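Undergrad: Attaching a single structure in structure tokens format; questions to follow.
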Amino acid sequence: MNAILEPVSASRLDAYLDQTEAALQQQDDAELDPELIQAGLKASMAGQRFRADTLGSVRRLFRLWLRAGDPAAASRVIDIDGREALAALPAAERPDWELSLAFWRLEPLVAQRDDAALHAALDVAFTVLTSLPGALQYDKAWEYLEEQATQAGAHAMSRRCLAARNALQHKDPERAAYRAWDDALMAARQAQSFALEGRDQEATDAAARAIDSLAKAGADQDIDHNDWLRIGHALYTIVPGSIAGVVGQVRALTPASTVFFARRDIDVRIARLEALTLHHQGALDQALARLALGRSIITGDADDRYSAVMLDWLLEAGRHEDAARLAFESVFHERQVSAEHGARSATRAVSESLAGQPYWQLALAYAGMADDTMEVRGHESEAAYVRRHLALARGQASAHPAIDAVEGLFLIKSAGDYHQALPLLEAAARELSLANSDVLFKLWVARIRVHGAQAALEMPFVPASSGVSCYNLGVTLDNDLDEQLPEGVTVPKEALEALAARYYETGLARFEAFVVSGEGNPRDGNAHSYSMLCNNLAIHYRCDKSDPGAALPLHHKGIAASPFSEHYQGVMSCHRDSGNDAAMIDSGDQLWHYSADHGYSRHDPTDYIDDVVAALHRLGRNTDIAIWLQRLDEWWDSVEQDERAGYEESYVRALASVLYHLAHTQPDDAMLRLDAVLPRLRAAASPYTTRMAAHTLRTAGQFERAQAMYAEALGHVKPGESWHESQRKAIIEGAAECKRMQRAAQPWWKLW
4 MNAILEPVSA SRLDAYLDQT EAALQQQDDA ELDPELIQAG LKASMAGQRF RADTLGSVRR
64 LFRLWLRAGD PAAASRVIDI DGREALAALP AAERPDWELS LAFWRLEPLV AQRDDAALHA
124 ALDVAFTVLT SLPGALQYDK AWEYLEEQAT QAGAHAMSRR CLAARNALQH KDPERAAYRA
184 WDDALMAARQ AQSFALEGRD QEATDAAARA IDSLAKAGAD QDIDHNDWLR IGHALYTIVP
244 GSIAGVVGQV RALTPASTVF FARRDIDVRI ARLEALTLHH QGALDQALAR LALGRSIITG
304 DADDRYSAVM LDWLLEAGRH EDAARLAFES VFHERQVSAE HGARSATRAV SESLAGQPYW
364 QLALAYAGMA DDTMEVRGHE SEAAYVRRHL ALARGQASAH PAIDAVEGLF LIKSAGDYHQ
424 ALPLLEAAAR ELSLANSDVL FKLWVARIRV HGAQAALEMP FVPASSGVSC YNLGVTLDND
484 LDEQLPEGVT VPKEALEALA ARYYETGLAR FEAFVVSGEG NPRDGNAHSY SMLCNNLAIH
544 YRCDKSDPGA ALPLHHKGIA ASPFSEHYQG VMSCHRDSGN DAAMIDSGDQ LWHYSADHGY
604 SRHDPTDYID DVVAALHRLG RNTDIAIWLQ RLDEWWDSVE QDERAGYEES YVRALASVLY
664 HLAHTQPDDA MLRLDAVLPR LRAAASPYTT RMAAHTLRTA GQFERAQAMY AEALGHVKPG
724 ESWHESQRKA IIEGAAECKR MQRAAQPWWK LW
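The numbering of the sequence shown is my numbering, which starts it at 4 and goes up by one.
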């Protein structure tokens, strides 16, 4: 007789779920075979009974059954345990959770591919959501349900959801300025829904309503060029003849102040829309011509998908040689999405004997070496696979720079053979399209290993293929070169900095040429990469060349292209180094506010607050010093307790400086704070911090205490160190000034 197992429930179930989810995460991280993971999970769960007594555990348990490949069991958890847990809730809490159950029920049905049951469940979810009080209905719920209905092919239901969502949006006073957009988006989604059903006239009519909603939007409506681009992409397959008008609206609504990368971004997005429309209309050659600009990688792109689109179109047009070059380019430069697509296309092209060799074979050879495309090898070893395809490529073209590039990189990766790789990389790098940051970095490493550092650095400069590659190469030369050299081989710091800077300068010119003309490497449309390059080059000019005047415009260019906090800190540092107090104060204020508004993980106000308050004092703006003291306090309060030890020394240093300058106009306030933190200042045992405390005491008229503090500061000076010797001089001068002030403060009759 079989014993009835006690169900795993309550805290035991929570513990089981915690343990199982953690184990699954470890298996995922280890990249185990998904089928093996699923089989193991199903075997583990099948031998047990579970009972989820809270809706939170219902959610976790049913999704675990889905992960185990048993959607029927997942449905039972929702329908049995979920209903019981819902009934146990207070009545006021049930409506929202009932909607959650209705949504959860869709997931197992999707996995089971039971269209009839899924459509019925969608109807139930619609009824539940409609019956909720207005306060519990929310935009994202209708959006989710509409997406689920569309994916299930329940197009009439998806349109009902669109209408319900739009009605909810119209009731929201905070969306008053977006009525035209909400109506346009609803109509566009309706057009797509009708098109999926083959109801072409209704789709066309709905598309016209979407365009009309934007075109007739009143002055009180928030409509811009981005909205028109979104509508264009939604509708180009339905009303391709209307896209020229959409593009006209985009250009008309682009602010005249939109320049530089932002303007080029819009041009690229328009080119994509026009290319997609032309392709849909059958104008393949024209579509490919527009996509030459449209495949540029711009800010906001997560990948290189438009190069994958271009590859498909080239194959469609029978331009196999161009397709082969693009497939190799995508794989060789390891671009997300297009690299994997290029490898798959190369596999098919080789099997079909398409024209375009040696590039198809080279795409496969390099794909076998790269992490994201290595699956093309199947079970063949990397060495055997790569050598086989390299040999096939050499058979097609014995002397070819692209073959040299792949073979040179493979020799280094597989055997560390820099001597044999060097002439191959030298030949490859002369072909600009191959000179990416990886090829050139390994070329410089090979040159140094073979010829020595001095001789290598005297060899010809080799430009990189793009602004992005120039930026990446500058970074790797700065940060990674030493790790790639044999022990005892070093490159002079100044020479390495100059080489990295030359790549940054070359990259700057490449980026800016692309922005001006729209021509060049498709990677050079990325404004953020340009901005980071500007920052690195500015740091070189300011720190390595002591030329803040050359650094400042680079920071401003970076801010205009893609702002981040390091640029604002760089601007402030340039003004500080140039002695421009007023500009330094203003830029310090900008840095503070930008970091507060946008986040800056490395924001350390102690790096600049003492300089800002000193400048305020020099300009006679002492009343503003209290603002910076408050900011310093706010920052310190935000530092986590376990991180404060790392900032303690710099914090008390900055605080001592602020209090000294505050003491000129608010001596009582300054002394109140100083006395409270004096033990921490003294514990820092810093000649500077102690000197600033002495200055504060002196300024507040406490001359005896100040003299004692100056003496204490002298005790922290380390003889023979240049910075410490500069502090010794400043301490002695401060003590002398203290004596002078003390004598001046005495009544005249006490001078005898």
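Idealized CB from N, CA, C, for every residue including glycine. Quantities reported herein were computed from a predicted structural model and do not represent experimental measurements.
Tell me where the alpha helix (DSSP H) around LEU58 begins and ends.
TA: The residue given as residue 58 occupies position 55 in the sequence shown. First-last of the alpha helix (DSSP H) with LEU58: 58-70.
Undergrad: Kindly identify the DSSP beta-bridge partner or partners of VAL11.
TA: Taking the sequence shown and counting its residues from 1, the one referred to as residue 11 is at position 8. Per DSSP, PHE53.
Undergrad: Take ALA498 as the anchor and find which of ASN475, SER468, VAL518 and ALA456 has the nearest alpha-carbon.
TA: Working through the sequence shown from its first residue, we reach residue 498 at position 495. Checked all of ASN475, SER468, VAL518 and ALA456; the closest Cα to ALA498 is ALA456.
Undergrad: Within a Cβ cutoff of 6 Å, which residues of the same chain sit near TRP755, ignoring the five residues on either side of it in sequence?
TA: Position 752 of the sequence shown, counted from the start, is the residue given in the question as residue 755. Confidence in TRP755 is poor, its pLDDT being 47 and thus under 50, which makes the residue's placement unreliable; the coordinate value appears in the next sentence. Closer than 6 Å at Cβ, skipping near neighbours: no residue.
Undergrad: What did DSSP end up calling GLY528 once you bin it into helix, strand or coil?
TA: Along the sequence shown, one-based indexing puts residue 528 at 525. Residue state, collapsed to three classes: strand.
Undergrad: Note down the Cα distance separating GLU707 from ALA673, rounded to an integer number of angstroms.
TA: The residue you call residue 707 lines up with position 704 of the sequence shown. The residue you call residue 673 lines up with position 670 of the sequence shown. Cα to Cα, GLU707 sits roughly 17 Å from ALA673.
Undergrad: If you drop the 5 nearest sequence neighbours on each side, which residues of the same chain put their C-beta closer than 6 Å to that of VAL127?
TA: Within the sequence shown, residue 127 is the residue found at index 124, counting from 1. So the qualifying residues of the chain are ALA105.
Undergrad: Tell me which residues share the same chain as LEU8 and place their Cβ nearer than 8 Å to its Cβ, disregarding the 5 neighbours each side in the sequence.
TA: Within the sequence shown, numbered from 1, the residue matching residue 8 stands at position 5. Counting only Cβ-Cβ distances below 8 Å, and skipping sequence neighbours, we find GLN51 and ARG52.
Undergrad: So which of GLU24, TYR388 and LEU232 has the shortest CA-CA distance to SER417?
TA: The residue you call residue 417 lines up with position 414 of the sequence shown. Out of GLU24, TYR388 and LEU232, TYR388 has the C-alpha closest to the C-alpha of SER417.
Undergrad: Between LEU662 and MET695, what straight-line distance do the alpha-carbon atoms span, to the nearest angstrom?
TA: Locating residue 662 in the sequence shown gives position 659, where the first residue counts as 1. Locating residue 695 in the sequence shown gives position 692, where the first residue counts as 1. Straight-line Cα distance between these residues: approximately 8 Å.
Undergrad: Pick from LEU488, VAL518 and THR479: whose alpha carbon is nearest that of GLU500?
TA: Along the sequence shown, read from residue 1 onward, the residue named residue 500 stands at position 497. The candidate whose alpha carbon is nearest that of GLU500 is THR479.
Undergrad: Judging by CA-CA distance, which residue of ASP288, SER653, ARG338 and ALA286 is the nearest neighbour of SER310?
TA: For the purposes of this step, residue 310 is taken as residue 307 along the sequence shown, with counting starting at 1. Among ASP288, SER653, ARG338 and ALA286, the Cα nearest to that of SER310 is on ARG338.
Undergrad: From GLY85 to ALA346, what does the alpha carbon distance come to, in whole angstroms?
TA: For the purposes of this step, residue 85 is taken as the residue at position 82 of the sequence shown. For the purposes of this step, residue 346 is taken as the residue at position 343 of the sequence shown. Answer to the nearest angstrom: the Cα atoms are 46 Å apart.
Undergrad: Return the CA-CA distance between HIS620 and ASN538, expressed in angstroms with no decimal places.
TA: Taking the sequence shown and counting its residues from 1, one reaches residue 620 at position 617. Taking the sequence shown and counting its residues from 1, one reaches residue 538 at position 535. Those two C-alpha atoms are separated by around 30 Å.
Undergrad: Going by DSSP, what residue range makes up the alpha helix (DSSP H) through HIS382?
TA: In the sequence shown, residue 382 corresponds to position 379, counting from 1. Neither: HIS382 is in no alpha helix (DSSP H) and is coded neither H nor E.
Undergrad: Per DSSP, ILE301 forms a beta bridge with which residues?
TA: Against the sequence shown, residue 301 aligns to sequence position 298. In the DSSP output, where bridge partners are listed per residue, ILE301 has GLY528.
Undergrad: For the alpha helix (DSSP H) containing MET189, name the first residue and the last one.
TA: In the sequence shown, counting from the first residue as 1, residue 189 sits at position 186. 182-199 is the span of the alpha helix (DSSP H), which, as asked, contains MET189.
Undergrad: Return helix, strand or coil for VAL615, following the three-state DSSP convention.
TA: By one-based count along the sequence shown, residue 615 stands at place 612. It is helical.
Undergrad: When the Cα of LEU608 is compared with those of ALA585, ASN583, MET575 and SER581, which residue comes out closest?
TA: Locating residue 608 in the sequence shown gives position 605, where the first residue counts as 1. Leu is not the amino acid found at residue 608; the sequence shown has Pro there. Minimum Cα distance to PRO608 is reached at MET575.
Undergrad: Return the CA-CA distance between LEU427 and LEU488, expressed in angstroms with no decimal places.
TA: As a working mapping, residue 427 is identified with position 424 in the sequence shown. As a working mapping, residue 488 is identified with position 485 in the sequence shown. Spanning the two alpha carbons is a distance of roughly 19 Å.
Undergrad: What did DSSP end up calling MET462 once you bin it into helix, strand or coil?
TA: By one-based count along the sequence shown, residue 462 stands at place 459. Three-state DSSP puts MET462 in coil, outside helix and strand.
Undergrad: From this set, LEU112, SER103, ASP315 and SER60, which residue's C-alpha is nearest PRO74's C-alpha?
TA: Against the sequence shown, residue 74 aligns to sequence position 71. Nearest of LEU112, SER103, ASP315 and SER60 to PRO74, Cα basis: LEU112.
Undergrad: Tell me which residues share the same chain as VAL340 and place their Cβ nearer than 7 Å to its Cβ, disregarding the 5 neighbours each side in the sequence.
TA: As a working note, residue 340 is residue 337 in the sequence shown. ASP306, ASP307, ARG308 and ALA311, listed in sequence order.
Undergrad: CB VAL655 to CB THR692, shorter than 7 Å?
TA: In the sequence shown, the residue the question calls residue 655 occupies position 652. In the sequence shown, the residue the question calls residue 692 occupies position 689. The answer is yes: Cβ separation under 7 Å.
Undergrad: According to the Cβ coordinates, are SER568 and ALA530 closer than 7 Å?
TA: Against the sequence shown, residue 568 aligns to sequence position 565. Against the sequence shown, residue 530 aligns to sequence position 527. Their beta carbons are not under 7 Å apart, which means SER568 does not touch ALA530 by this criterion.
Undergrad: Give every residue of the same chain whose Cβ lies closer than 6 Å to the Cβ of ARG168, excluding the five residues on either side of it in the sequence, and list them in chain order.
TA: Looking up residue 168 in the sequence shown gives position 165. If we look at ARG168 and ignore the five residues flanking it on each side, its Cβ neighbours are TRP145.
Undergrad: Alpha carbon to alpha carbon, how far is ARG54 from SER472? Give it in angstroms, no decimals.
TA: Along the sequence shown, read from residue 1 onward, the residue named residue 472 stands at position 469. Along the sequence shown, read from residue 1 onward, the residue named residue 54 stands at position 51. About 56 Å.
Undergrad: Please classify HIS403 as buried or exposed, where buried requires at least 16 other C-beta atoms within 10 Å of its C-beta.
TA: For the purposes of this step, residue 403 is taken as the residue at position 400 of the sequence shown. HIS403 should be labelled buried.
Undergrad: Report yes if the CB atom of THR280 is closer than 7 Å to the CB atom of ILE246, and no otherwise.
TA: Position 277 of the sequence shown, counted from the start, is the residue given in the question as residue 280. Position 243 of the sequence shown, counted from the start, is the residue given in the question as residue 246. Yes, the Cβ-Cβ distance between THR280 and ILE246 is below 7 Å.
Undergrad: Under 7 Å, do ALA349 and LEU329 count as touching if we go by C-beta distance?
TA: Mapped onto the sequence shown, residue 349 falls at position 346. Mapped onto the sequence shown, residue 329 falls at position 326. Taking 7 Å as the Cβ cut-off, ALA349 and LEU329 do not qualify as a contacting pair.
Undergrad: Check GLY623 in the structure and name its three-state DSSP category.
TA: By one-based count along the sequence shown, residue 623 stands at place 620. Coil.
Undergrad: Among the candidates HIS596, LEU35, ALA209 and LEU446, whose CA atom is the shortest distance from the CA of ILE630?
TA: Along the sequence shown, one-based indexing puts residue 630 at 627. Out of HIS596, LEU35, ALA209 and LEU446, HIS596 has the C-alpha closest to the C-alpha of ILE630.
Undergrad: What span of residues does the alpha helix (DSSP H) with GLY591 cover, start to end?
TA: For the purposes of this step, residue 591 is identified with residue 588 of the sequence shown, where counting begins at 1. First-last of the alpha helix (DSSP H) with GLY591: 584-601.
Undergrad: Among the residues of its own chain, which have a CB less than 8 Å from the CB of PRO243, if the five just before and after it don't count?
TA: Locating residue 243 in the sequence shown gives position 240, where the first residue counts as 1. Excluding positions up to five away in sequence, the list reads THR280, HIS283 and GLN284.
Undergrad: Are there 16 or more other CB atoms within 10 angstroms of the CB of LEU250, so buried, or fewer, so exposed?
TA: One-based indexing of the sequence shown puts residue 250 at position 247. Correcting the residue identity first, residue 250 is Val in this sequence and not Leu. Counting Cβ neighbours within 10 Å, VAL250 comes out buried, since at least 16 surround it.
Undergrad: Which residues bound the alpha helix (DSSP H) around MET712?
TA: Taking the sequence shown and counting its residues from 1, one reaches residue 712 at position 709. First-last of the alpha helix (DSSP H) with MET712: 706-718.
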